[in-house]
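Asker: Got a structure for you, questions after.
In my numbering, the protein residues as written are 59 to 246.
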């Protein structure tokens, strides 16, 4: 399948934070689509109710506190929306290990194939000092892209980070003129 005919579904989670002896849990999920290798549209965003309080360190990073999560659904409760937004699409994440780990809550989901934009950025831009999503976006001067330059964009919001990973992917596709290539070229 050509890249132009592929729907990419970027997923991002924000978490409650790690603590010794406790498993990390998601507190926000976002899924955003890239269609026709150009158009970025939100598919699903939700806060998620963890079983424990958000750590101070996590709250300092993403700004999500326990008060915002009181009426939030559990991850399992949003399964129909997650399934609808991811099924049949290439799943994209920047540093995909976290997203894959949280999606283990849905055994046998068979989402994918997966495209890790962190691995892609390391292959395509090996000389960067940092391949963190924000650093890569800044280095490539992609902050002016309309999806990032818009009011309300802020890093460590699941929706904004998912959008940024697709802006990065779109940049790679454009700059290497890959739109008519087979999608598998992105993981080779």
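Positions of the beta carbon are idealized from the N, C-alpha and C atoms, including for glycine.
CA-CA distance, residue 223 and residue 152?
Answerer: Mapped onto the chain shown, residue 223 falls at position 165. Mapped onto the chain shown, residue 152 falls at position 94. Roughly 6 Å separates the two Cα atoms.
Asker: Tell me which residue opens and which closes the alpha helix (DSSP H) that residue 206 is part of.
Answerer: Here residue 206 corresponds to residue number 148 of the chain shown, with the count starting at 1. Here the alpha helix (DSSP H) through residue 206 covers 204-207.
Asker: Using a Cβ-Cβ cutoff of less than 7 Å, which residues in the same chain neighbour residue 143 once the five nearest sequence positions on both sides are dropped?
Answerer: The count along the chain shown starts at 1 and reaches residue 143 at position 85. Excluding sequence neighbours, residue 143 sits near 67, 89, 101, 102.
Asker: In or out: residue 228 buried (at least 16 other Cβ within 10 Å) or exposed?
Answerer: Taking the first residue of the chain shown as 1, we reach residue 228 at position 170. That one is buried.
Asker: With distances taken Cα to Cα, identify the nearest neighbour of residue 130 among 107, 240, 175.
Answerer: What you label residue 130 is simply residue 72 of the chain shown in a count that begins at 1. That would be 107, whose Cα lies nearest to the Cα of residue 130.
Asker: Based on the DSSP secondary-structure assignment, which residues constitute the bridge partners of residue 97?
Answerer: The residue given as residue 97 occupies position 39 in the chain shown. Answer is 93, bridged to residue 97.
Asker: Do you know offhand how far residue 214's Cα is from residue 118's?
Answerer: Numbered from 1 along the chain shown, position 156 holds the residue referred to as residue 214. Numbered from 1 along the chain shown, position 60 holds the residue referred to as residue 118. The straight-line gap from Cα to Cα measures roughly 10 Å.
Asker: Which of helix, strand or coil does DSSP assign to residue 172?
Answerer: As a first step, residue 172 is located in the chain shown; it is residue number 114 there, counting from the start. Strand at residue 172.
Asker: Does the distance from the CB of residue 147 to the CB of residue 72 come in under 8 Å?
Answerer: In the chain shown, the residue the question calls residue 147 occupies position 89. In the chain shown, the residue the question calls residue 72 occupies position 14. Going by C-beta atoms, residue 147 is not nearer than 8 Å to residue 72.
Asker: What is the C-beta distance between residue 178 and residue 236, in whole angstroms, given that I count them as a contact (C-beta under 8 Å)?
Answerer: Here residue 178 is taken as the residue at index 120 of the chain shown, counted from 1. Here residue 236 is taken as the residue at index 178 of the chain shown, counted from 1. Contact flag wrong, Cβ pair sits at about 11 Å.
Asker: To the nearest angstrom, how far is it from the Cα of residue 16 to the Cα of residue 112?
Answerer: With the chain covering only 59 through 246, there is no way to say anything about residue 16.
Asker: Got a sec, what are the start and stop residues for the alpha helix (DSSP H) residue 221 sits in?
Answerer: To locate residue 221, count along the chain shown from 1; it is residue 163. Note, residue 221: alpha helix (DSSP H), 216-233.
Asker: Below 8 Å on the Cβ atoms is my guess for residue 173 versus residue 150; work out the distance and round it to an integer in Å.
Answerer: On the chain shown, position 115 is the one that residue 173 refers to. On the chain shown, position 92 is the one that residue 150 refers to. The pair is a contact, with the Cβ atoms about 5 Å apart (cut-off 8 Å).
Asker: Please check if any C-beta of chain E sits within less than 8 Å of the C-beta of residue 163.
Answerer: No chain E appears in the structure shown, which is made up of a single protein chain.
Asker: Cutting at 6 Å between CB atoms, please list the residues of its own chain near residue 104, excluding the five before and the five after it.
Answerer: Here residue 104 refers to the residue found at position 46 when the chain shown is read from its first residue. Same-chain partners within the cutoff: 87, 136.
Asker: I'd like the ranges of any beta strand (DSSP E) spanning at least 3 consecutive residues and lying wholly in the stretch 65-148.
Answerer: Here the runs fully enclosed are 66-73, 84-93, 97-105.
Asker: Just to confirm before moving on: does the CB-CB distance between residue 61 and residue 95 stay below 8 Å?
Answerer: Mapped onto the chain shown, residue 61 falls at position 3. Mapped onto the chain shown, residue 95 falls at position 37. Cβ distance < 8 Å, so residue 61 and residue 95 count as in contact.
Asker: When you compare the CB positions of residue 69 and residue 203, do they come within less than 8 Å of one another, or not?
Answerer: Locating residue 69 in the chain shown gives position 11, counting from the first residue. Locating residue 203 in the chain shown gives position 145, counting from the first residue. Not closer than 8 Å, so no.
Asker: I need the boundaries of the alpha helix (DSSP H) containing residue 197, first residue and last residue.
Answerer: For the purposes of this step, residue 197 is identified with residue 139 of the chain shown, where counting begins at 1. Residue 197 -> alpha helix (DSSP H) spans 191-197.
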